[in-house]
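Peer 1: This is the structure I have questions about; it appears just below.
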Amino acid sequence: MSVSASAPVIAIQGVSKAFGHGSGPRVVALENINLDIVAGEFVALLGPSGCGKSTLLRLIGDLTTPTSGQVLVNGKPAPQARRDRDYGMVFQQATLYDWRSVSQNVQLPLEIMRYPRAQREARAREMLQLVKLTDFANTYPWQLSGGMQQRVAIARALSFAPSLLLMDEPFGALDEMTREHMQLELLNIWGQTRTTVVFVTHSIPEAVFLASRVVVMSARPGRVAGIIDVDLPRPRGFDTREDPRFFQKITEVRELLRHEETGPAGAGATA
Amino acid sequence: MSQRLNAVPGLEPVALPAPAGWGARFSAGLRRYLPALVVFVAFLVLWEAAVAIFKIEGFILPRPSVIAATFIEELPIIIPAGLFTLREAGGGFLIGCSLAVLMALATARWTILSEGFMPFAIMVNATPIVALAPIMNNWFGITNPMAKMSIVAILVFFPVMINTVRGLTLVDSGALELLRSYAAGEFTVLAQLRLPNALPFMFSAFKVAGALSVIGAIVSEYFGGSRAALGIYISQQAALFHFAEAWAAIIVACGMGLAFYIVILLAERWLMPWHASQRAADD
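Residue numbers (my numbering), protein chains in the order written: chain S, 1 to 271; chain F, 1001 to 1283.
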């Protein structure tokens, strides 16, 4: 592959993933996925549960390996990219370490990567400022609300300036109001860092509000049903949610999902 | 403190709001422990009254007041005896817990070890360990504290090992994947995640093991040993129908168990200031 300005940060080439071993039934989670993601993009993976969107994210992050096909990240295989620490990850649960203060949690990856202490602390301050938790640096995770915990997780993921931010339903456990607030914050952070983001969600408005491209997936077997460009103007904010074009995009995505469900005649009806 | 302020010439005495000082702390502590204190005192009063009313003979159940008097009288003997036994219990505890934690680390790291070792450990645990006391006396010599320490060590080994293994392996999968995403090495996973995760499990095992080690030391002394030991003292006094003396020694044994517990509790607070069970206390 030639290295050029438009070379994809993530190249997913003919990737399939099947689960199950021995004589048990094999479940095909993903079938022949092809997808390129370029630098600075905000891509949402959207679909019903069981469509393999989380599995796809985990394949990109080398938390699981494909049955066939390959994932290239920054031009190298995903395992190499993981070893090179190209990924910052945020899961549905904040998975903060109880025994570390907020600041120490943010410093965890930096500690593992052996950054000097002064640099770690400075970086943690900077990150906490970014997620607006400066005053909470010395508190412990259990003293924070769910939304604040997730902000710490985002600060931690960005602390070592990875080229990719992989987010697996990061706001799925939050209430609706907190969720919308966090979406704004995330766009704000993305605007400042310009990190490439891959964001898994099953919420259509969330995908449309955040992403520049929405990859719509369908289940059994998991595959890409279609990709919808969301060209809503940025910066997006409260007004975006009331913009007719926002609703238009939501309808567009919903149509695609519905078409997929009813398309292959009653395939999922008895499942 | 207020005197110093008054002593400054030309200044009005400053009325400072009393900080949560000794007095306030004392009354707060009193309020907290009052129910326990009331129950304890009521227990002693009932005991004393029951012995008097039902005319229970002193060799069946001595009065608490008699036990207290004997306790003070016998202090020069039972305190050194208690310290001797405490040394056995403490030494055995340290040996047993250290070996258990090391074994747990190895077991958590190499599954094959766990599969081979666990059935054996369960078998050892099913053995009434104090039954080994005469054999240990034979191995190490009846007056050698090592004979008792080895009983204590075997006694505490199993609960500590099982709990530590559980703490090392029952780790949140998300937290593990997080470290994987940083390409963290095995030692980092152990130091940053598995060990801190295991600490609460380990401390609850240490508390059980602390009580076990005092039991183990005293009961194995019943099978003979140095004259200056608490278990020997209890069995000898009981044989001579000196039951008040035996009870006085049991008070010392109780104090030893409590001391163990408090030391472990303090270590726990110091090592894990974050832990949930301590959150209520540190407001």
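Ideal Cβ placement from N, Cα and C applies to all residues, glycine included.
Which bits of chain F does S/P109 rub up against, with CB to CB less than 8 Å?
Peer 2: Y1182
Peer 1: Work out the CA separation of F/R1180 and F/I1112 for me, nearest whole Å.
Peer 2: 23 Å
Peer 1: In three-state terms, what does DSSP make of S/V272?
Peer 2: In the structure displayed, chain S extends from 1 to 271; residue 272 of chain S sits before or after that span and is not available.
Peer 1: Quick check on DSSP: helix, strand or coil for S/S218?
Peer 2: strand
Peer 1: Are any of the Cβ atoms in chain F nearer than 7 Å to that of S/V9?
Peer 2: no
Peer 1: When you compare the CB positions of F/T1164 and F/A1191, do they come within less than 7 Å of one another, or not?
Peer 2: no
Peer 1: Could you please give me the residues that DSSP links to S/T65 through a beta bridge?
Peer 2: DSSP output for S/T65 lists no bridge partner at all.
Peer 1: Hey, which unbroken runs of the beta strand (DSSP E) at 3 residues or more fall wholly within the stretch 71-101 of chain S?
Peer 2: 87-90
Peer 1: The alpha helix (DSSP H) with F/A1131 in it runs from where to where?
Peer 2: According to the DSSP assignment, F/A1131 belongs to no alpha helix (DSSP H), since it is labelled neither H nor E.
Peer 1: Scan the stretch 1105-1193 of chain F and note each continuous alpha helix (DSSP H) run of 4 residues or more that stays entirely inside, going in chain order.
Peer 2: 1111-1126, 1133-1140, 1145-1169, 1173-1181 and 1186-1189
Peer 1: Do F/A1175 and S/R83 count as a contact pair if the criterion is CB distance below 7 Å?
Peer 2: no
Peer 1: Cβ of S/T251 less than 7 Å from any chain F Cβ?
Peer 2: no
Peer 1: State the DSSP-derived secondary structure class of S/N34, mapped to helix, strand or coil.
Peer 2: strand
Peer 1: Who are S/A18's beta bridge partners in DSSP?
Peer 2: Beta-bridge pairing links S/A18 to S/V28.
Peer 1: Which residues does DSSP list as the beta-bridge partners of S/T201?
Peer 2: S/L46
Peer 1: With 7 Å as the limit, tell me which residues of the stretch 186-205 of chain S have their beta carbon closer than that to any beta carbon of chain F; keep them in chain order.
Peer 2: none
Peer 1: By how many angstroms is the C-alpha of F/M1118 removed from the C-alpha of S/V9?
Peer 2: 48 Å
Peer 1: Determine contact between the stretch 1076-1090 of chain F and the stretch 1144-1151 of chain F, defined as no fewer than three beta-carbon pairs at a distance below 8 Å.
Peer 2: yes
Peer 1: Below 9 Å between beta carbons is the criterion; list the residues of the stretch 214-244 of chain S that meet it against any residue of chain A, in chain order.
Peer 2: Looking for chain A here will not work: the only protein chains present are S and F.
Peer 1: Around the Cβ of S/R234, are there at least 16 other Cβ atoms within 10 angstroms (buried) or fewer (exposed)?
Peer 2: exposed
Peer 1: Measuring straight from C-alpha to C-alpha, what distance separates F/S1235 and F/V1041?
Peer 2: 28 Å
Peer 1: Using a Cβ-Cβ cut-off of 7 Å, state whether S/I112 counts as contacting chain F.
Peer 2: yes
Peer 1: With DSSP as the reference, label S/L133 as helix, strand or coil.
Peer 2: coil
Peer 1: Determine, using beta carbons only, whether F/F1157 and F/A1100 come nearer to each other than 7 Å.
Peer 2: When the beta-carbon positions are compared, F/F1157 and F/A1100 come within less than 7 Å of each other.
Peer 1: In whole angstroms, give me the CA-to-CA distance for S/G146 and F/L1178.
Peer 2: 18 Å
Peer 1: Pull up the distance between the alpha-carbon of F/A1238 and that of F/G1225, whole angstroms please.
Peer 2: Approximately 16 Å between the Cα atoms of the pair.
Peer 1: So, is the C-beta of S/M127 closer than 7 Å to a C-beta in chain F?
Peer 2: no
Peer 1: Touch check for the stretch 17-33 of chain S and the stretch 220-229 of chain S: three-plus C-beta pairs under 8 Å?
Peer 2: yes
Peer 1: If contact is defined by three or more beta carbon pairs under 8 Å, each pair taking one atom from either stretch, is the stretch 71-88 of chain S in contact with the stretch 45-63 of chain S?
Peer 2: The stretch 45-63 of chain S is in contact with the stretch 71-88 of chain S.
Peer 1: On a CA-only basis, which of S/M177, S/A161, S/H259 and S/A157 is nearest S/D168? Give me that one, please.
Peer 2: S/A157
Peer 1: What separation, rounded to the nearest whole angstrom, lies between the Cα atoms of F/M1136 and F/A1249?
Peer 2: 24 Å
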